[in-house]
Amino acid sequence: MLVQSNSFVKRLLDFPYSVCYKVNSVYQIDTFIPRHAVRKEAVIIRESSKETKELILRSAMDIFLEAGYQDASMRKIAAKAGITAGAIYKHFSGKEEMFEEIFNASGRKLMSITESMMGMDFTVLSDEDLIKILYSRVSLQTFELLQEDMKLFHMLLKNDSGTYIERFRTTYIERCTEFAANYYEELYRRGIASKKLPYKTIYMLSSLEFSMVCEIIADDSCQNGITPEMKTAFTEAMNILLHGLEAELGIHYHTGGNKA
């Protein structure tokens, strides 16, 4: 940069990375930004972008819950976040993409249950501890985990076009089926069960249980939490399935506890 004004030179030299030299009565000033400063600036921008994206998602979730998916608009979400609608499009193509990301985040709570199940080694358990799993009410524990987000899950199930829930359903049921198949195999190996169940049968049972969970979440009476009536209905339905499993597998080992 070539300049002749002394005052302008002084202002430019206030920049932390400026070098000034004089050639034939003309000042030459070069400015530069060192690599470490560029890297630091890039980190700040990335962190700011991440925070903005999280703010948009929180605002979108609030609007979805307040107005419903159909009536939620980019304008409402932007106003909630305190930014312009144009700023949202730097992070999301539209409310459909935001909806999917919110669903994925919520679905990870459910998936965390199956992940913990997959790591279980049945061979190290005693017979009593093994049989207790059959009566452990894992499905009811799932409901307890989802209680605080029940309204969100209700909204997701009611408005999902089928794409998101189907992808989640497939993974969830496959994991539950694998868990159950390994479990029933261990019961049979130890002689606690006198019969094996085909893998396809176990898959159908896992699908049925998942459908019952979704039915309760989607019920309008449960959008703010599971009602006692629905919890009782689900418990009774699971008891019927459980007694059917006992009969079909020929399970003859019982703990001293209450199975109901």
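The sequence shown begins at 20 in the working numbering and counts up one residue at a time.
Here a beta-carbon is modelled for each residue, glycine too, at the ideal position from N, C-alpha and C.
Everything numeric in this text was worked out from a predicted model, so none of it was measured.
Please classify residue i as buried or exposed, where buried requires at least 16 other C-beta atoms within 10 Å of its C-beta.
{"i": "K114", "result": "buried"}
{"i": "A106", "result": "exposed"}
{"i": "A266", "result": "exposed"}
{"i": "M139", "result": "exposed"}
{"i": "A124", "result": "exposed"}
{"i": "K95", "result": "buried"}
{"i": "I259", "result": "exposed"}
{"i": "S213", "result": "exposed"}
{"i": "E228", "result": "buried"}
{"i": "S225", "result": "buried"}
{"i": "M117", "result": "buried"}
{"i": "I165", "result": "Here residue 165 is Leu; the residue named in the question, Ile, does not match the sequence. So L165 counts as buried."}
{"i": "Y191", "result": "buried"}
{"i": "H262", "result": "exposed"}
{"i": "T103", "result": "exposed"}
Do you know offhand how far residue i's Cα is from residue j's?
{"i": "A279", "j": "K250", "result": "Unreliable positioning characterises A279 in this predicted model, as indicated by a pLDDT of 37, which lies under 50. The coordinate reading is nonetheless provided below. Cα to Cα, the separation comes out at about 13 Å."}
{"i": "M80", "j": "S240", "result": "21 Å"}
{"i": "R194", "j": "I152", "result": "16 Å"}
{"i": "E204", "j": "S112", "result": "47 Å"}
{"i": "S78", "j": "K99", "result": "6 Å"}
{"i": "K280", "j": "S155", "result": "With the chain represented from 20 up to 279, any question about residue 280 goes unanswered, as that position is not in the structure."}
{"i": "L144", "j": "A237", "result": "37 Å"}
{"i": "S68", "j": "M93", "result": "18 Å"}
{"i": "G101", "j": "G126", "result": "27 Å"}
{"i": "D146", "j": "R188", "result": "31 Å"}
{"i": "F83", "j": "K215", "result": "46 Å"}
{"i": "T254", "j": "E234", "result": "14 Å"}
{"i": "E167", "j": "P217", "result": "37 Å"}
{"i": "Y202", "j": "F141", "result": "7 Å"}
{"i": "L171", "j": "A91", "result": "14 Å"}
{"i": "Q89", "j": "L176", "result": "13 Å"}
{"i": "L264", "j": "N178", "result": "35 Å"}
{"i": "T196", "j": "A97", "result": "42 Å"}
{"i": "I75", "j": "R186", "result": "24 Å"}
{"i": "I270", "j": "R208", "result": "12 Å"}
{"i": "E163", "j": "I132", "result": "12 Å"}
{"i": "F198", "j": "K219", "result": "13 Å"}
{"i": "I221", "j": "M137", "result": "16 Å"}
{"i": "T71", "j": "Q242", "result": "29 Å"}
So, using beta-carbon positions, are residue i and residue j closer together than 8 Å?
{"i": "I245", "j": "M174", "result": "no"}
{"i": "M231", "j": "A256", "result": "yes"}
{"i": "E85", "j": "Y183", "result": "no"}
{"i": "I211", "j": "I150", "result": "yes"}
{"i": "T161", "j": "L206", "result": "no"}
For residue i and chain C, any beta-carbon pair shorter than 8 Å?
{"i": "R194", "result": "Although the question refers to chain C, the structure presented lacks it and comprises just one protein chain."}
Starting from the N-terminal side, write out each stretch of the alpha helix (DSSP H) that is 4 residues or longer and does not extend beyond the stretch 171–229.
-> Uninterrupted alpha helix (DSSP H) stretches at least 4 residues long and entirely within the stretch 171–229 occur at 182–208, given in chain order.
Ranges of the beta strand (DSSP E) found wholly within the stretch 117–152, counting only runs of at least 3 | Fully enclosed beta strand (DSSP E) runs of 3 or longer: not present.
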